[in-house]
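First comes the structure, then the notes that go with it.
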Amino acid sequence: MRIGILSRAPSSYATKRLRKAADDRGHDVQVLDTLRFAIDLASDEPDLQYRGRPLPDFDIIIPRIGASITYFGTAVVRQFEQMDVYTPNSASAIAASRDKLRAFQILSRYDIGIPKSTYVRDRKDVPAAIQRVGGAPVVIKLIEGTQGIGVILAPDADIAEAIVETLHSADQNVIMQQFIDESRGRDIRAFVIGNRVVASMRRTASGNEFRSNLHRGGTIAPVDITPAYERAAVRAAQILGLHVAGVDLLESKNGPLVIEVNSSPGLQGIEAATGLDVAGAIMDYVANQVGFPTLDVRQKLGMAAGYGVAEIVVREGSDLVGQTIDGADLRGKDISVLTLQQGISVIPNPDPHRILQANDRLTCFGRLESMRGLIPDRRKRRVAIDQLPGEPL
Ligand SMILES: Nc1ncnc2c1ncn2[C@@H]1O[C@H](COP(=O)(O)OP(=O)(O)O)[C@@H](O)[C@H]1O
Ligand SMILES: [Mg+2]
44 MRIGILSRAP SSYATKRLRK AADDRGHDVQ VLDTLRFAID LASDEPDLQY
94 RGRPLPDFDI IIPRIGASIT YFGTAVVRQF EQMDVYTPNS ASAIAASRDK
144 LRAFQILSRY DIGIPKSTYV RDRKDVPAAI QRVGGAPVVI KLIEGTQGIG
194 VILAPDADIA EAIVETLHSA DQNVIMQQFI DESRGRDIRA FVIGNRVVAS
244 MRRTASGNEF RSNLHRGGTI APVDITPAYE RAAVRAAQIL GLHVAGVDLL
294 ESKNGPLVIE VNSSPGLQGI EAATGLDVAG AIMDYVANQV GFPTLDVRQK
344 LGMAAGYGVA EIVVREGSDL VGQTIDGADL RGKDISVLTL QQGISVIPNP
394 DPHRILQAND RLTCFGRLES MRGLIPDRRK RRVAIDQLPG EPL
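Here this note's numbering is used: the first residue of the sequence shown is 44, the next is one more, and so on.
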């Protein structure tokens, strides 16, 4: 197969290892400088030029997009997607995970542990925000920071306020986050490929440093993670849509807390710590997935007028409880069940004889009018509108 590695650093450890893994497997591999593409747009014909010449056909690209070129890099990846070239990480997944606020907004909908975090713009809202995330000391993070740069531990509320104000005045967006004291100076990096963690290591900060990034002098050691950590890492990567990801987790007294999901994780540390061939595992995975590029399901399935995708929740006491999927006659109502979620397990294409239980979640494709009566009520907010502070409307 023809594989392109998008990288600005051909001699970096990760790029060299990926190139070798592809070579060893008999693929035709090329390292492509991400910034040397030209994106050409014309009706019905998305195209790419590379160094001023038409690009040959590639089967797979492996994007290694650095934080300093997110905009252009994701545009190039998106163009490959338009040309039906397989990429393990889509442009939108890379963009969502790179922005710490956006990533937390998406993750916070699911039952994945994350440290309490908050985003405010007005200085007057900072003190209350610090209280909501557990009070000082509080962690302040640049939304697009990386390698530990832009992660600050503010010892008290006054200093936190001053830091946030300073960063805002320099046009930097920041989030404030609960400081997980019991995990001070250490975290876990879980390397996710597809639906599993293929390697994991513990990183420990040096001296008084609370950030355990290798670029901040952290040291590494292999670690066996428990199923709870494995599940948090895999789910976080899945939710953000990344099939190759480095997930950073804090070890809190209540279990794993995801703090970051990296779309271009380093390979040197994880391979050195574990002795595992992570580059080879990535190559095997992408070669196996090449026929299944990301498809915008909502866009595809929404093209049939009057049809769409919905999540149906089997409510306690509803007629559906105790029925089989067949018995509930969903097919007769023109509804197909794509997946059935029972607790934390997901059953794809569930057997029509399977019995539905209270709190099951069915992802369905079907006639909107038939599904309307089955979709759950919108979640109620705890605060009534007339309790909002400030002037009455
Ligand atoms: N809420 C927190 N509580 C305690 N330590 C933290 C917290 N957030 C980050 N850290 C430490 O700082 C490091 C860098 O944070 P992270 O969010 O991963 O940013 P970066 O993108 O710069 O790596 C982490 O690896 C961890 O050691
Ligand atoms: Mg990190």
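Cβ atoms here follow ideal geometry from the backbone N, Cα and C, with glycine treated the same way. Being a predicted model, the structure only gives us computed values, none of them experimental.
- Contact between Ile48 and Leu61 holds: their C-beta atoms lie close to 5 Å from each other, under 8 Å.
- Judged by DSSP in its simplified three-state form, Tyr129 adopts strand.
- Distance between Met126 and Phe101, taken at the CA atoms: about 10 Å.
- Listed by position in the chain, the residues whose beta carbon lies within less than 5 Å of some heavy atom of ligand 2 are Asp291, Glu303.
- Taking every protein chain shown into account, the CB of Ala85 has fewer than 16 other CB atoms within 10 angstroms, so this residue is exposed.
- Assignment of beta-bridge partners to Gly298 by DSSP yields Ser295.
- Not one heavy atom of ligand 1 sits closer than 8 Å to the Cβ of Ala288.
- DSSP, read as helix, strand or coil, puts Met219 in strand.
- Bounds of any alpha helix (DSSP H) do not take in Ile82; it lies within the beta strand (DSSP E) bounded by 80-83.
- Rounded to the nearest whole angstrom, the CA to CA distance from Ser133 to Val340 is 14 Å.
- Uninterrupted alpha helix (DSSP H) stretches at least 4 residues long and entirely within the region 273-350 occur at 311-317, 321-332, 340-344, given in chain order.
- In this chain, the beta strand (DSSP E) harbouring Phe408 covers 404-410.
- Annotated as distal: Arg410 and Leu383, with beta-carbon spacing of 9 Å or more.
- If one requires a minimum length of 3 residues, the beta strand (DSSP E) runs lying completely within the region 137-201 are 181-189, 192-197, in chain order.
- The three-state secondary structure of Arg96, taken from DSSP, is strand.
- Between the beta-carbon of Ile223 and that of Leu293 there is about 5 Å, and that keeps the pair under the 8 Å contact cut.
- Beta-bridge annotation (DSSP): Gly47 is paired with Gln73, Ile104.
- The residue from Pro198, Met219, Ala271, Ala276 with its alpha-carbon nearest to that of Ile236 is Ala276.
- A direct Cα-to-Cα measurement between Phe253 and Arg259 gives close to 10 Å.
- For Thr269, no beta strand (DSSP E) segment is defined, and its DSSP state is neither H nor E.
- For Ala57, the uninterrupted alpha helix (DSSP H) run begins and ends at 56-67, by DSSP.
- Here the distance from the Cβ of Ile206 to the nearest heavy atom of ligand 1 is not below 8 Å.
- Here Ser50 is buried, its C-beta having at least 16 other C-beta atoms within 10 Å.
- Ala288 sits close to Ala280, with the two beta carbons spaced by under 9 Å.
- Inclusion of Met244 and Ala65 in the CB contact set at 9 Å is not warranted, their separation being larger than that value.
- Secondary structure of Glu354 (DSSP, three-state): strand.
- In this model, Ser135 and Thr117 are separated by some 8 Å (Cα to Cα).
- Residue nearest to Pro158 within the set Asp165, Ala146, Ile387 is Ala146 (criterion: CA-CA distance).
- If you look at Phe253, you'll find it isn't in any beta strand (DSSP E); DSSP assigns it neither H nor E.
- The straight-line gap separating the alpha-carbon atoms of Ile263 and Ala401 is approximately 45 Å.
- Within a 10 Å sphere around the beta-carbon of Pro106 sit 16 or more other beta-carbons, which makes this residue buried.
- Sequence-distant Cβ neighbours of Ile186 in its own chain, meaning closer than 6 Å and more than five residues away, are Asp142, Lys143, Leu144, Asn216.
- Within 8 Å of the C-beta of Phe222 there is at least one heavy atom belonging to ligand 1.
- The region 319-336 and the region 52-61 touch, with no fewer than 3 CB-CB distances between them shorter than 8 Å.
- Secondary structure at Arg374: coil, using DSSP grouped into helix, strand and coil.
- For ligand 1, no non-hydrogen atom lies closer than 8 Å to the CB of Ala280.
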